[in-house]
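A.B. asks: Going left to right, the sequence shown walks through residues 375 to 514 as our numbering numbers them. Cβ atoms here follow ideal geometry from the backbone N, Cα and C, with glycine treated the same way. This structure is a prediction, so every number in the text was calculated from the model and none was measured.
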Amino acid sequence: MPAGHAPSLTPEEARALHRQSLVIDTQQPPITSGIVFTPGMRETLGALAAQGRTIAEVGPALEAALVRDIQTTEQGRDMYLDMWRRSGVTVACGTYAGPDRLATAFERSTRRIANAQAIVDALRDDMLIVRRAADIELAH
375 MPAGHAPSLT PEEARALHRQ SLVIDTQQPP ITSGIVFTPG MRETLGALAA QGRTIAEVGP
435 ALEAALVRDI QTTEQGRDMY LDMWRRSGVT VACGTYAGPD RLATAFERST RRIANAQAIV
495 DALRDDMLIV RRAADIELAH
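1. Would you report the Cα separation of Thr-528 and Gly-378, rounded to the nearest angstrom?
2. Just how far apart, CA to CA, sit Val-494 and Pro-385?
3. Would Asp-443 and Pro-413 be called neighbours here (beta carbons separated by less than 9 Å)?
4. Three-state secondary structure (DSSP) at Asp-500?
5. By DSSP's criteria, Asp-399 is part of a beta bridge. Which residues make up the other side?
6. Ignoring anything shorter than 3 residues, give me the beta strand (DSSP E) runs that lie fully in the segment 415–475, in order along the chain.
7. Taking the CB atoms as reference points, tell me whether Leu-440 and Val-410 lie closer together than 9 Å.
Printed below as a string of C-alpha cells:
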C-alpha cells in the first residue's frame, strides 16, 4: 500500500477475504519448526536431550515422531489439521532439500518426501498432494 493511503478493507473484511480466497504458501515452514509440537514429539525431544543428542540427530527424530502421531493418534491428526485450518492456507509448497552435508543430503531429502507422503496418506480425507493444476481446485 502506498504511503499516506488508507487501507481499503477493514481488518475484518481482510480476514473474510483471506478465508474465501485460494491461498498458496510457497514458503511452508518445515514440519519441525515448532508450529506443531505433539506429545510424541515432546517425549522424543526429552529422551534425546537426556541422551545429549545433537540438533542434527534430533530433527529427523522429531519428524518421525510427528508422522507417527499423525498416523496413530487423533490428537496428532487434529493438531496438524488445526494448524493448517487456522493458517487459512489452501495449498502449501514444501521444500525437502536443505543445507545437509553432501554425503547425506539425498537420503535426508528422500526421507522428508516420504514423511510428507505418509502425513498426506494418514490425512487423505483432508489433504492431498497437488500433482496437477486441477488438484488445486480440488483442494479449494
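C.D. replies: To lay it out plainly:
1. What the structure shows of the chain is the stretch from 375 to 514, and residue 528 is not part of that stretch, so it cannot be assessed.
2. Within the sequence shown, the letter at position 120 stands for residue 494. Within the sequence shown, the letter at position 11 stands for residue 385. Approximately 33 Å between the Cα atoms of the pair.
3. Residue numbering aside, residue 443 sits at position 69 when the sequence shown is read from its first letter. Residue numbering aside, residue 413 sits at position 39 when the sequence shown is read from its first letter. Contact: yes.
4. One-based indexing of the sequence shown puts residue 500 at position 126. The answer is coil: DSSP assigns Asp-500 none of H, G, I, E or B.
5. In the sequence shown, the residue the question calls residue 399 occupies position 25. Bridge partners of Asp-399: Ala-466.
6. none
7. Reading the sequence shown from its first residue, position 66 is the one you call residue 440. Reading the sequence shown from its first residue, position 36 is the one you call residue 410. In contact: Leu-440 and Val-410 (Cβ atoms closer than 9 Å).
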